[in-house]
Each structure stands twice: as C-alpha cells, then as structure tokens.
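Read through the structure below, which is laid out as structure tokens, and then see the notes.
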Amino acid sequence: MGSKKTNVEYIMEGDRLNTFKSWIFSNRHPCNAQKMAEAGFIFIGSKQEPDLVKCFYCSKELDGWEKDDDPWSEHVSHAPYCKFAARKLSEEDMTLNQFLDIIYECRLKRIEEFFDQKLNTLDTLHALAKKKIGN
Ligand SMILES: [Zn+2]
74 MGSKKTNVEY IMEGDRLNTF KSWIFSNRHP CNAQKMAEAG FIFIGSKQEP
124 DLVKCFYCSK ELDGWEKDDD PWSEHVSHAP YCKFAARKLS EEDMTLNQFL
174 DIIYECRLKR IEEFFDQKLN TLDTLHALAK KKIGN
C-alpha cells in the first residue's frame, strides 16, 4: 500500500467513515472512527495491520494508534506538510470555499503526480538512449 496517489474519491468525510467498518476503538474513546475520518484518514488495514490508516490528502500512512490519541494532533505531528491536517477543520466546520479549495488542491496534486510520472518515464528513456548511443 505504498501508493503516493491522492485519494480524491475520499474527499467526503462520510465516504472515509465508511472505510472504518471494524475500527479497533469504540466511540467512547477519543481515537474513534468518526474522529479518524474527520481528520482525513481512511482505513487501509488488514488482519495483520488492524489499525493502518492513510490520509486521503497527503497519503501519509499511520498505525500504532492508542485509544486516547487525538487523530488531528497525530496527523499534524507525523505529516507537518499536510495542508488538510494543518486546517484542523471537520467537514461540518468548513465553509464552502474551504471545501472547494481542498478539491482544487487535490486536483492540482493529481496533475503534478501525473507529470512527475511522465518526467520519470522520460528520464528513464533518456538514460537508456544515452547508454545505447554512448557505448
Ligand atoms: Zn494528510
């Protein structure tokens, strides 16, 4: 699950929450499924990794959660570069403009990722071509 891709399809909190079908902590604890979804996380775990989650925005993967963890704080401290986490805004508290900004940033990231991939391919081809010509 090392994908660096932005998961734009999980931009809605409700869709993220739906991934937490079998979260390890109940709603009595601060680190509950609702708070995890609110803080941008989607569940990507398995039997072997029962608490592995990933940010839909920055793709940071985190596990080793404690029941008293605050998902926002953990997100910010492990991914200080994440603009979504830095806002610390649940969907409920967001203005429409803030929400649109996030959609825009996600799209932009997708485009950047696309061009990065193309550039990498070009670099590889360039290196191959140089090898063929050079020797
Ligand atoms: Zn993030």
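Residue numbers for the sequence shown follow my numbering, so the first one is 74 and each next one is one higher. All C-beta atoms in this analysis are idealised placements derived from N, C-alpha and C, irrespective of residue type, glycine included. Just so we're clear, the structure is a prediction, and the values are computed from it rather than from any experiment.
Neighbour-count burial assignment, residue i, 16 or more Cβ in a 10 Å radius
| i | result |
| --- | --- |
| LYS127 | buried |
| LEU198 | exposed |
| GLY75 | Per-residue confidence for GLY75 stands at a pLDDT of 42, beneath the threshold of 50, marking its modelled position as unreliable; no derived number is given. |
| LYS77 | Since pLDDT at LYS77 reaches only 49, below the 50 mark, its modelled position is unreliable, and no value is offered. |
| PRO144 | buried |
| THR113 | The question names Thr, yet the displayed sequence has Gly at residue 113. Buried. |
| ILE206 | exposed |
Closest Cα partner of residue i within the set the options
| i | options | result |
| --- | --- | --- |
| SER219 | PHE172, GLU86, GLY87, LYS94 | The requested residue 219 does not occur in the structure, where the chain is confined to residues 74 to 208. |
| ILE115 | PRO103, ARG89, CYS131, TRP96 | ARG89 |
| PRO123 | PHE98, ILE206, TYR154 | PHE98 |
| ILE84 | ARG101, ALA202, ILE206, TYR177 | TYR177 |
| GLU82 | CYS179, ILE206, ASP166, ASP136 | CYS179 |
| LYS108 | THR194, GLU164, LEU195, LYS203 | GLU164 |
Strand pairing of residue i, partner residues [DSSP]
| i | result |
| --- | --- |
| PHE114 | CYS128 |
| LEU135 | VAL126 |
heavy atom of ligand 1 below 7 Å from residue i C-beta
| i | result |
| --- | --- |
| GLY118 | no |
| PHE172 | no |
| CYS104 | no |
| TYR83 | no |
| ALA158 | yes |
| LYS161 | no |
| GLY113 | yes |
| CYS179 | no |
Closer than 8 Å to chain E by CB, residue i
| i | result |
| --- | --- |
| GLN121 | Considering every chain present, this structure includes no chain E. It has just one protein chain. |
What ranges does the alpha helix (DSSP H) occupy inside the stretch 154-185, keeping only unbroken runs of at least 4 residues that lie completely in it?
156-160
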